[in-house]
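Asker: Can you keep this structure in mind? I'll have questions shortly.
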Amino acid sequence: METSTPPQSNARRLARLGRQRFVEGLSAGLPGLDAELQEFTAHLMGLTATQRVMQERRDLWMRYQQFHAAWVAGAARALGDALSSLASTRSAALSAGLSVGGLELLSDDVVENRILASRIGLSVGEQAGAAFDAVRQHIQHLEGEEPGERDILRPEVLALRLVDPWVASGLLRSDLQALLEPLQRGLGALVLSRYQDLVAFFEQHGVRPDSDLRSRVRRTGGSTVQAPLGGPSPGADGARGISSGAGGSSREGLRGGSQPAGQGGPPGAAAGFAGTQAAAYGTPMARARQRAQGVMGRLHRMLVQPAVAAFSASGAGRMPGGAPATAVAPASAALQQALAAQRLEADSFYRSSEVATLVMDYHSPAAVVQVVGAVRERAAEFKAKASTPGEKAIIEVVALMFQSILSEDRIPPAMRVWFARLQVPVLRVALAEPEFFSDVAHPARQLIDRMGGVVLGFDTAAIQGSALEAEVRRVVQVIEQYPETGQRVFQLVLAEFESFLSRFLTAPQATSRIVTVAQQVEQKETMAIQYTIELRNLLRDMPVREEIRNFLFKTWAEVLALSAVRSGAQHADTAAFKRAATDLVWAASAKPQRAERAQVIQSLPALLQRLRQGLALLGVTGAPQDAHIKVLTDTLADAFLSRTASIPQAHIDAMARRLDHLEDYMSDATLGEMPLDADYLEMMLGIDASSIHVAADNGTAVDDAALEWAGELQLGDWFTLDHNGASAQVQYAWHSERRQLHFFAAPDGTSYLLQLRRMAAYLRAGLLVPQEEEALTMRATREALAKIDANPERLLG
348 METSTPPQSN ARRLARLGRQ RFVEGLSAGL PGLDAELQEF TAHLMGLTAT
398 QRVMQERRDL WMRYQQFHAA WVAGAARALG DALSSLASTR SAALSAGLSV
448 GGLELLSDDV VENRILASRI GLSVGEQAGA AFDAVRQHIQ HLEGEEPGER
498 DILRPEVLAL RLVDPWVASG LLRSDLQALL EPLQRGLGAL VLSRYQDLVA
548 FFEQHGVRPD SDLRSRVRRT GGSTVQAPLG GPSPGADGAR GISSGAGGSS
598 REGLRGGSQP AGQGGPPGAA AGFAGTQAAA YGTPMARARQ RAQGVMGRLH
648 RMLVQPAVAA FSASGAGRMP GGAPATAVAP ASAALQQALA AQRLEADSFY
698 RSSEVATLVM DYHSPAAVVQ VVGAVRERAA EFKAKASTPG EKAIIEVVAL
748 MFQSILSEDR IPPAMRVWFA RLQVPVLRVA LAEPEFFSDV AHPARQLIDR
798 MGGVVLGFDT AAIQGSALEA EVRRVVQVIE QYPETGQRVF QLVLAEFESF
848 LSRFLTAPQA TSRIVTVAQQ VEQKETMAIQ YTIELRNLLR DMPVREEIRN
898 FLFKTWAEVL ALSAVRSGAQ HADTAAFKRA ATDLVWAASA KPQRAERAQV
948 IQSLPALLQR LRQGLALLGV TGAPQDAHIK VLTDTLADAF LSRTASIPQA
998 HIDAMARRLD HLEDYMSDAT LGEMPLDADY LEMMLGIDAS SIHVAADNGT
1048 AVDDAALEWA GELQLGDWFT LDHNGASAQV QYAWHSERRQ LHFFAAPDGT
1098 SYLLQLRRMA AYLRAGLLVP QEEEALTMRA TREALAKIDA NPERLLG
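As structure tokens, then:
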């Protein structure tokens, strides 16, 4: 293609003007993006959910209404400030500066903002990758180099200019997480349009870059790096802002101070391990824990033996299972340099046309074969650079673990390729954090186990192009972008992956509808119990007839609960039903005064009509409804003749006020028996439940250990379910807020809703069997130890 290059001074001026045009276009698009987020928060408030979730959505809407203008103004200023450092990418890098010794320590908030901005940048890059590639070529043509790591043209850099003002404006980072999808969608569209406008601007001024693929390869420090065909280039990930300087580490700034060895997992992991083992002895999960403890103990003993000395005993505590806590020296300079260089080489390898083509063929293991070879080659290269036997041993163990993971044929090939990219980040963590080899709850292990456990049940065709594949890819890319953050980045993306799973597993329309109904069933039953308790408290000292008490406790509490679930606790209908309860109590009390009796007669038709409406809401119509009303009217008639003490009006008013805000006083009731079957679901919320198998509690005795086992199951895991004589492979897709209801989905669309005690009984009876009793990394560790036992020379060879 014919190229056109303006004179050097004009070229840089044109690039500067292009950036200015780009930033001004982004700033002009912020009000539209803000409007989309306002619309989304309002839409969220209208969706039915649990009372807690609905309150959180209301709080989100209120905060956004309060602070959105400050965010838009702050984001516009931040984008405008970027123009001052855009004279050239070199001056931008110099103006950013480095701290003493080339090391920059950052707070947790700064790191979390950058990781969140990186996530947004990745999404924007996926939407606008081709357009960014065109911009990159034009900038490279004008300035002789690609956009730098801090260039505002990069998606992750401009995303940070939106994230920092978000937090500074008074909005919460959790608010941004809740609005991430509409923000990424809207920002992606905006950035794409500005990229396209920028390319058109350059071409209008005669810029015609060479489209030869050789222009995509740039040289840095004597090495050749393959630039991407869209999205950030290798190394241009903002990680320099987290850790800069050769071999430098800012892990202290990321982890909020040093952690005692052995405390890398969740608080109380070790204690919880022992307690659960004692409580659930004999369950498959408990046996798996026992095996894991043995395997981790063997591994730890191997690595601390004098011939290896990967870690030195520090006496600073105990690891899970009683192993001594350990300390570790920093990796040698040569090994650190090899790890840093390998990151760029690995990126080039995985982006190579040969591997990319193989990965696209989801039914061929050829890509995995290449990747397994690369894992082995990398291990050999790292061991050659290692300066101590301990470093060599760690490198070998990690390499063997990843060889085992990549040999798991049930994981689709494309997923195994992404898992392979975690070898270097995991090796960095293993070299720096001894607890990786002793703590089964280490975030790096948990992340691989969770992702592996979820994808194990999918066939290769189902995974291709799915949201799950995209999420695994995103997780790996985020980890690769922050090589010096230790376990912190694994913790963050693990939490994000868990959040993604909760949405992904219930995303199908049929599943979403069923779990929404099931959640409402649990919520309705919970609120009915709470309303009953509160009504009993309110009427404890009032002279109320037994018939009225029974009606309010057994029937009207159900009306209040169902209305609150369907319409909201403060909805006009729910408020009217609450007033009906107060009116009924007053009407059924003694009426010695003629004026009071006249008032009852006048208000009775409206009261009876409201009572009938409430009964109809429960599905009580016809003769059963008439029977309820007759009992009430007979009681009211008796009240006219009663000469007992009446209820003071002050007590009635106090009851009415309490009922108006009853939800504020409710305790956290324990949900016991609740009706649950297909007919009940269909009756309660008006859906056809014929497509779902319901297994409600049936009174079968279940021990506490089985109940605890049921409570430990993880979403996304796969099971074999034997229900009514038919066996099916199912995935654990959802549980209700109080974990009383549990939903399993089969690949053929069949679904199963199990109540807690029934599910525990199925687990104990072997009717619900986990397909994996051993975590992926634990199996990989065990197989690595087996190979080392058979060939110990390889450990230090």
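Read left to right, the sequence shown gives residues 348 to 1144 (the numbering used here). The beta carbon of each residue, even a glycine, is placed where N, CA and C say it ideally should be.
#1: What does DSSP give as the partner residue(s) for residue 1081 in the beta ladder?
#2: Where do the N-terminal and C-terminal ends of the beta strand (DSSP E) with residue 878 fall, by residue?
#3: Just curious, the alpha helix (DSSP H) that residue 556 is in, first and last residue?
#4: Please name the residue in 887, 552, 1081 and 654 whose C-alpha comes closest to that of residue 851.
#5: When DSSP labels each residue in this structure, what does residue 512 get in the three-state scheme?
#6: Can you name the start and end residues of the alpha helix (DSSP H) that residue 1109 belongs to?
#7: Just grab the DSSP bridge partners of residue 1040 for me.
#8: Any contact between the stretch 1064-1077 and the stretch 849-869? By contact I mean 3 or more CB pairs, one from each, below 8 Å.
#9: Please state the DSSP three-state secondary structure of residue 390.
#10: Would you kindly work out how many angstroms separate the C-alpha atoms of residue 704 and residue 713, rounded to a whole number?
#11: At a cut-off of 7 Å, would you count residue 533 as near the ligand SAM, judging by its Cβ distance to the nearest heavy atom?
#12: Would you report the Cα separation of residue 1142 and residue 726, rounded to the nearest angstrom?
#13: Quick check on DSSP: helix, strand or coil for residue 687?
#14: If you draw a straight line from the C-alpha of residue 481 to the C-alpha of residue 372, how long is it?
#15: For the alpha helix (DSSP H) containing residue 1066, name the first residue and the last one.
#16: Beta-carbon within less than 8 Å of residue 845's beta-carbon, same chain only, minus the 5 sequence neighbours each way: which residues are those?
#17: Assuming the contact rule is C-beta atoms closer than 8 Å, residue 979 and residue 958 should be a hit. Round their C-beta distance to whole Å, please.
#18: From the DSSP output, in three-state form, read off residue 733 for me.
#19: With distances taken between CB atoms, is the gap from residue 777 to residue 834 smaller than 8 Å?
#20: What is the residue span of the beta strand (DSSP E) that residue 971 lies within?
#21: Applying the criterion that 16 or more other CB atoms from any shown protein chain within 10 Å of the CB defines a buried residue, is residue 364 buried or exposed?
#22: To the nearest angstrom, how far is it from the Cα of residue 577 to the Cα of residue 771?
#23: Using 8 Å as the threshold, is the C-beta distance between residue 910 and residue 902 below it?
#24: Is there contact here, the stretch 733-743 with the stretch 755-770, by at least three beta-carbon pairs under 8 Å?
#25: State the DSSP-derived secondary structure class of residue 543, mapped to helix, strand or coil.
#26: Starting from residue 1116 and walking both ways along the beta strand (DSSP E), at which residues does that stretch end?
#27: Using the beta-carbon count (16 or more within 10 Å), is residue 1106 buried or exposed?
#28: Using the rule of at least 16 other Cβ atoms within 10 Å of the residue's Cβ for burial, across every protein chain shown, is residue 988 buried or exposed?
#29: Reducing DSSP to helix, strand and coil, say where residue 740 ends up.
#30: List the DSSP bridge partners of residue 1075.
#31: Would you grab the beta carbon distance between residue 515 and residue 407 for me? Rounded to a whole angstrom, and I think it's under 8 Å.
#32: When you compare each of 536, 734 and 1095 to residue 293 by their alpha carbons, which one comes out closest?
#33: Report buried or exposed for residue 1128, applying the criterion of at least 16 other Cβ atoms within 10 angstroms of its Cβ.
#34: Which residue marks the beginning of the alpha helix (DSSP H) containing residue 994, and which one marks its end?
#35: Hey, could you find the ends of the alpha helix (DSSP H) residue 925 is sitting in?
Answerer: Let me spell this out:
#1: Here residue 1081 refers to the residue found at position 734 when the sequence shown is read from its first residue. Looking at the DSSP assignment, residue 1081 forms a beta bridge with 1090.
#2: Locating residue 878 in the sequence shown gives position 531, where the first residue counts as 1. Not the beta strand (DSSP E): residue 878 falls in the alpha helix (DSSP H), residues 856-886.
#3: Stepping through the sequence shown from its first residue, residue 556 is reached at position 209. Unbroken run through residue 556: none, as it is neither H nor E.
#4: Walking along the sequence shown from the start, residue 851 turns up at place 504. Comparing Cα positions, the closest option is 1081.
#5: Counted from its first residue, the sequence shown places residue 512 at position 165. Three-state DSSP puts residue 512 in a helix.
#6: Residue 1109 sits at position 762 when you count from the first residue of the sequence shown. 1103-1112 is the span of the alpha helix (DSSP H), which, as asked, contains residue 1109.
#7: On the sequence shown, position 693 is the one that residue 1040 refers to. Residue 1040 is bridged to 1099.
#8: no
#9: Looking up residue 390 in the sequence shown gives position 43. Correct three-state label for residue 390: helix.
#10: Residue 704 sits at position 357 when you count from the first residue of the sequence shown. Residue 713 sits at position 366 when you count from the first residue of the sequence shown. Because the pLDDT of residue 704 is 46, which lies under 50, any placement of that residue in the model is unreliable, and the question is left without a value.
#11: Judged by which ligands are present, the structure shown has none, so any question about the ligand SAM falls away.
#12: Here residue 1142 is taken as the residue at index 795 of the sequence shown, counted from 1. Here residue 726 is taken as the residue at index 379 of the sequence shown, counted from 1. Computed Cα separation, rounded: 11 Å.
#13: Position 340 of the sequence shown, counting from 1, holds the residue named residue 687. Correct three-state label for residue 687: helix.
#14: Taking the sequence shown and counting its residues from 1, one reaches residue 481 at position 134. Taking the sequence shown and counting its residues from 1, one reaches residue 372 at position 25. When rounded, the distance between both Cα atoms is 18 Å.
#15: As a working note, residue 1066 is residue 719 in the sequence shown. No alpha helix (DSSP H) contains residue 1066, which is instead part of the beta strand (DSSP E) from 1065-1070.
#16: What you label residue 845 is simply residue 498 of the sequence shown in a count that begins at 1. Around residue 845: 797 and 1062.
#17: Along the sequence shown, one-based indexing puts residue 979 at 632. Along the sequence shown, one-based indexing puts residue 958 at 611. Indeed, because the Cβ distance is near 7 Å, the residues count as touching under 8 Å.
#18: As a first step, residue 733 is located in the sequence shown; it is residue number 386 there, counting from the start. Three-state DSSP puts residue 733 in coil, outside helix and strand.
#19: Along the sequence shown, one-based indexing puts residue 777 at 430. Along the sequence shown, one-based indexing puts residue 834 at 487. Not in contact: residue 777 and residue 834 (Cβ atoms no closer than 8 Å).
#20: By one-based count along the sequence shown, residue 971 stands at place 624. That residue, residue 971, is in no beta strand (DSSP E); its alpha helix (DSSP H) goes 969-988.
#21: Counting from one through the sequence shown, the residue named residue 364 turns up at place 17. It counts as exposed.
#22: Working through the sequence shown from its first residue, we reach residue 577 at position 230. Working through the sequence shown from its first residue, we reach residue 771 at position 424. Any reading at residue 577 needs caution, since the residue's pLDDT is 36, under 50, leaving its predicted position unreliable; the model's value is listed next. Their backbone Cα atoms lie some 23 Å apart in a straight line.
#23: Walking along the sequence shown from the start, residue 910 turns up at place 563. Walking along the sequence shown from the start, residue 902 turns up at place 555. In this structure, residue 902 does not lie closer than 8 Å to residue 910 by Cβ.
#24: no
#25: Locating residue 543 in the sequence shown gives position 196, counting from the first residue. In the structure shown, residue 543 sits in a helix (DSSP, three-state: H, G or I).
#26: Within the sequence shown, residue 1116 is the residue found at index 769, counting from 1. Note, residue 1116: beta strand (DSSP E), 1115-1117.
#27: Counting from one through the sequence shown, the residue named residue 1106 turns up at place 759. Its Cβ being crowded by 16 or more others within 10 Å, residue 1106 is buried.
#28: By one-based count along the sequence shown, residue 988 stands at place 641. Exposed: under 16 other Cβ atoms inside 10 Å.
#29: Taking the first residue of the sequence shown as 1, we reach residue 740 at position 393. In this structure, residue 740 counts as helix in the three-state DSSP scheme.
#30: Position 728 of the sequence shown, counted from the start, is the residue given in the question as residue 1075. Residue 1075 is bridged to 1068.
#31: What you label residue 515 is simply residue 168 of the sequence shown in a count that begins at 1. What you label residue 407 is simply residue 60 of the sequence shown in a count that begins at 1. The pair is not a contact, with the Cβ atoms about 18 Å apart (cut-off 8 Å).
#32: This structure leaves residue 293 out entirely; the chain is present only between 348 and 1144.
#33: Within the sequence shown, residue 1128 is the residue found at index 781, counting from 1. By the 10 Å Cβ count, residue 1128 comes out buried.
#34: In the sequence shown, residue 994 corresponds to position 647, counting from 1. That residue, residue 994, is in no alpha helix (DSSP H); it is neither H nor E in DSSP.
#35: As a first step, residue 925 is located in the sequence shown; it is residue number 578 there, counting from the start. Start and end: 919-934.
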